[in-house]
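For the sequence shown, the UniProt record's numbering puts the final residue at 156, and the numbers step up evenly by one.
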Amino acid sequence: MLEAVVEAERQAAKDLLREKKKDRALLALKKKKVQEDLLKQVDAWLINVEQQQYKSEINLDDVQKLMDDTAEAKAYQDEINAILGEKLSAEDEEEILAEFEKLETQMSSQDLPEEQDEKLDLPDVPSKAPALHDAVEDTPDEISAWKKVMEEPLAA
Numbered sequence: 001m002l003e004a005v006v007e008a009e010r011q012a013a014k015d016l017l018r019e020k021k022k023d024r025a026l027l028a029l030k031k032k033k034v035q036e037d038l039l040k041q042v043d044a045w046l047i048n049v050e051q052q053q054y055k056s057e058i059n060l061d062d063v064q065k066l067m068d069d070t071a072e073a074k075a076y077q078d079e080i081n082a083i084l085g086e087k088l089s090a091e092d093e094e095e096i097l098a099e100f101e102k103l104e105t106q107m108s109s110q111d112l113p114e115e116q117d118e119k120l121d122l123p124d125v126p127s128k129a130p131a132l133h134d135a136v137e138d139t140p141d142e143i144s145a146w147k148k149v150m151e152e153p154l155a156a
């Protein structure tokens, strides 16, 4: 709303300058400046009110708990970094490598499908194309349709 008033005063100053009314244009610009200052004050007041609202919403115990949790997490991370940074003995290295190989073997055996011991009873693969049926009553259109079907490759 105040932005609209500021813009209106600016436009009025432009119009008055076109009409060669310098003193009234200066007055319009002064009014515009006052409106801008008022707008800045309102913005500052709104920011202050929002900050007060945020302060009232934040509980000191919650902040302290968050800081404690953060300190605990940092201590835990430092402990893990220290453990990872330590040099392992040759025996520990060998133990870790053996466990890694064992896991790798287990995972690769899980990925493979199991062999089937039983043989499937499947028909023999035909060695030649099937013959057209021996119907005497077929029309030439039906015969050509059958030939087309027979010549098409089978879907895999």
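Built from N, CA and C at the ideal position, the CB exists for glycine as well.
Around the Cβ of residue i, are there at least 16 other Cβ atoms within 10 angstroms (buried) or fewer (exposed)?
i      : result
Glu95  : exposed
Ala13  : buried
Glu9   : buried
Ala82  : exposed
Ala145 : exposed
Ala73  : exposed
Mind reading off the beta-carbon distance from residue i to residue j? Whole number of angstroms is fine, and I expect it under 8 angstroms.
i      : j      : result
Lys32  : Val6   : 6 angstroms
Leu38  : Leu2   : 6 angstroms
Met150 : Ala129 : 7 angstroms
DSSP state of residue i, grouped into three classes?
i      : result
Asp37  : helix
Glu86  : coil
Asp138 : coil
Thr152 : The question names Thr, but residue 152 in the sequence shown is Glu. Reduced to three states, the DSSP call for Glu152 is coil.
Glu19  : coil
Met67  : helix
Take residue i and list the residues in its own chain whose beta-carbon comes closer than 7 angstroms to its own, dropping the five residues that flank it on each side.
i     : result
Leu17 : Ala25
Ala28 : Glu9, Ala12, Ala13 and Leu16
Below 6 angstroms CB to CB, which residues in the same chain sit around residue i once its five sequence neighbours on both sides are set aside?
i     : result
Leu60 : none
Ile80 : none
Taking 8 angstroms as the limit between beta carbons, can you name the residues of its chain near residue i, skipping five residues before and five after?
i      : result
Ile58  : none
Gln35  : Leu2, Val5, Val6 and Glu9
Leu154 : none
Using a Cβ-Cβ distance under 8 angstroms, would residue i count as near chain D?
i     : result
Tyr54 : You won't find chain D in this structure, because it holds only one protein chain.
### Task
For the region 89 to 133, list the alpha helix (DSSP H) runs that are entirely contained and at least 4 residues long, ordered along the chain.
90 to 111
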